[in-house]
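K.L.:
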Amino acid sequence: YCETPAAEYHPSNVPKDYPSETLTIRVLNVIGFGFDSDRQPDMECFGGQGENSAELLEAMRTNFDKILACVRYFNAQSEQQHKITWMHVPGFGCGAFAQYRGDEVTGMWEALYSEFEPRWMAEGVEEVDRSNIYTHRGTLETVRAGDTLWIPAKQACGKVIVNNIASRTFDVIVNGEQITVAHAGLQAPSFGANTLRPFPVWRDYDESAAHGGLRHRLFINAWDPHSLVGNANFSDPSMDGYYGRCTAMALLCWPLTNPEMEQRLVAVQSDGEFAQSALAPVPAAEQAAEQAAEQAAEQAAEQA
1 YCETPAAEYH PSNVPKDYPS ETLTIRVLNV IGFGFDSDRQ PDMECFGGQG ENSAELLEAM
61 RTNFDKILAC VRYFNAQSEQ QHKITWMHVP GFGCGAFAQY RGDEVTGMWE ALYSEFEPRW
121 MAEGVEEVDR SNIYTHRGTL ETVRAGDTLW IPAKQACGKV IVNNIASRTF DVIVNGEQIT
181 VAHAGLQAPS FGANTLRPFP VWRDYDESAA HGGLRHRLFI NAWDPHSLVG NANFSDPSMD
241 GYYGRCTAMA LLCWPLTNPE MEQRLVAVQS DGEFAQSALA PVPAAEQAAE QAAEQAAEQA
301 AEQA
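Going letter by letter, the sequence shown gives residues 1 to 304 in the UniProt record's numbering.
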């Protein structure tokens, strides 16, 4: 789960500084199983069409469990601003990732969606939108990308230029320490084949009075866990790539650049259950103090 700024600019007019006019969106990154290459670990694990189908179905079910747990987690909070009343749930894993098991994966996904949608509704979700935020296959509500293009929020680092990549690295400051992050194999993007919904759709979500506006909306992204969230960004025409273009999730969802992630882990069990203690996460400073006290006690015991 990530709360991230989202922004867009035309590729011919990308600002040098981080775009100041952004909106914050709430995104849950769930795994889209990779069947687009025989070298994918998921292909090696589950096999091709018709193989290990029962195991694959149960693995896909864990994604829906996590969505249910996310809704329960935030809707159990006492503060109203955390409530999730609207969700964007496209067919994650049924597009670019599903090439060699497409019909089978889509059938399983639809069955799981039909099972879980009423359960999300029972937890306080009022509406689920299944349209796409992007497409390059001519699906719902798309526009040509010639006039509108999302860019990665990490453009702020100033060393990755969209159409003329001058550097394949950029620097990130984490708790005062500089980390250099490499971009291997980046290529200048080709825009002609891609179509996507434009940035004003985010504004429509934000301005709409229905369901409380953008702060109560949860977007679901299909993530390849063998890469950073956002994956190849401009070279990636999948949904994950489009999220990578417009958000800061590549940095926010990586423990190396966001070490506080490890302080906010919530273990999700089957059926969307999680430990109720997760509703009151221990602040990092308090947890560090507790760990220091425990270490001191252990050292004292050893010396005794």
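Think of the CB as a built atom: it goes at the ideal place given N, C-alpha and C, for glycine as much as any other residue.
Distance check for V30 and R130, CA to CA, integer angstroms please.
P.N.:
Translated into the one-based positions of the sequence shown, residue 130 becomes position 130. Translated into the one-based positions of the sequence shown, residue 30 becomes position 30. R130 and V30 have their C-alpha atoms spaced approximately 15 Å apart.
K.L.:
Under 8 Å Cβ to Cβ from T106, same chain only, skipping five residues before and after it: list those, please.
P.N.:
Translated into positions along the sequence shown, residue 106 becomes position 106. Only G91, C94 and A98 meet the Cβ criterion.
K.L.:
In whole angstroms, what is the alpha-carbon distance linking N52 and E298?
P.N.:
As a first step, residue 52 is located in the sequence shown; it is residue number 52 there, counting from the start. As a first step, residue 298 is located in the sequence shown; it is residue number 298 there, counting from the start. If you take the alpha carbons of N52 and E298, they lie about 48 Å apart.
K.L.:
Just the C-alpha distance for Q116 and E302, rounded to the nearest angstrom, thanks.
P.N.:
On the sequence shown, position 116 is the one that residue 116 refers to. On the sequence shown, position 302 is the one that residue 302 refers to. Going by the sequence as given, residue 116 is Phe instead of Gln. Going by the C-alpha atoms only, they are around 52 Å apart.
K.L.:
Let me know the secondary structure DSSP gives E260 once reduced to three states.
P.N.:
Locating residue 260 in the sequence shown gives position 260, where the first residue counts as 1. Looking at E260 - three-state DSSP - the assignment turns out to be helix.
K.L.:
Quick check: does the Cβ of V89 come within less than 8 Å of any heavy atom belonging to the ligand SAM?
P.N.:
What this structure holds is no ligand at all, so the ligand SAM is not there to describe.
K.L.:
Using C-beta distances below 7 Å, list every residue in its chain close to H216, excluding the 5 sequence neighbours before and after it, in chain order.
P.N.:
Here residue 216 is taken as the residue at index 216 of the sequence shown, counted from 1. The residues are K83, I84, T85 and W86.
K.L.:
Residues in the same chain with beta-carbon distance under 7 Å from F274, minus the five sequence neighbours each way, listed in chain order, please.
P.N.:
What you label residue 274 is simply residue 274 of the sequence shown in a count that begins at 1. Excluding residues within five positions, the ones whose Cβ falls inside 7 Å are A69, Y73, V266, A267 and V268.
K.L.:
Could you tell me the distance, in whole angstroms, from the CA atom of A300 to the CA atom of Y1?
P.N.:
In the sequence shown, counting from the first residue as 1, residue 300 sits at position 300. In the sequence shown, counting from the first residue as 1, residue 1 sits at position 1. Each residue's alpha carbon lies about 40 Å from the other.
K.L.:
Pick helix, strand or coil for V89, following the three-state DSSP scheme.
P.N.:
Reading the sequence shown from its first residue, position 89 is the one you call residue 89. DSSP places V89 outside both helix and strand once states are collapsed to three, so it counts as coil.
K.L.:
Quick check on DSSP: helix, strand or coil for F274?
P.N.:
By one-based count along the sequence shown, residue 274 stands at place 274. Three-state DSSP puts F274 in a strand.
K.L.:
Answer yes or no: do L23 and L214 have a C-beta to C-beta separation smaller than 9 Å?
P.N.:
In the sequence shown, counting from the first residue as 1, residue 23 sits at position 23. In the sequence shown, counting from the first residue as 1, residue 214 sits at position 214. Between L23 and L214, the C-beta spacing is below 9 Å.
K.L.:
For the beta strand (DSSP E) holding E3, just list the boundary residues, first then last.
P.N.:
Working through the sequence shown from its first residue, we reach residue 3 at position 3. C2 to A6 is the extent of the beta strand (DSSP E) around E3.
K.L.:
So, for D36: in the same chain, excluding its five sequence neighbours on each side, which residues have a beta-carbon less than 8 Å away from its beta-carbon?
P.N.:
The residue labelled residue 36 in the question sits at position 36 within the sequence shown. Result list for D36: A96, F97, A98, Q99 and Y100, in chain order.
K.L.:
Just the Cα atoms here: how many angstroms apart are N221 and F46?
P.N.:
Counting from one through the sequence shown, the residue named residue 221 turns up at place 221. Counting from one through the sequence shown, the residue named residue 46 turns up at place 46. When rounded, the distance between both Cα atoms is 22 Å.
K.L.:
Smallest Cα separation from G32: which of M249, E294, W223 and E126?
P.N.:
As a working mapping, residue 32 is identified with position 32 in the sequence shown. Ranking M249, E294, W223 and E126 by Cα distance to G32 puts W223 first.
K.L.:
Could you give the C-beta distance for V27 and M261, rounded to a whole number, given that I count them as a contact under 8 Å?
P.N.:
Translated into positions along the sequence shown, residue 27 becomes position 27. Translated into positions along the sequence shown, residue 261 becomes position 261. The pair is not a contact, with the Cβ atoms about 14 Å apart (cut-off 8 Å).
K.L.:
I need the straight-line Cα distance from M239 to A6, nearest angstrom please.
P.N.:
As a position in the sequence shown, residue 239 is number 239, starting the count at 1. As a position in the sequence shown, residue 6 is number 6, starting the count at 1. C-alpha separation (whole angstroms): 14 Å.
K.L.:
Ignore the nearest five residues each way along the sequence and tell me which others in E55's own chain have a CB closer than 7 Å to its CB.
P.N.:
Taking the first residue of the sequence shown as 1, we reach residue 55 at position 55. Counting only Cβ-Cβ distances below 7 Å, and skipping sequence neighbours, we find F46.
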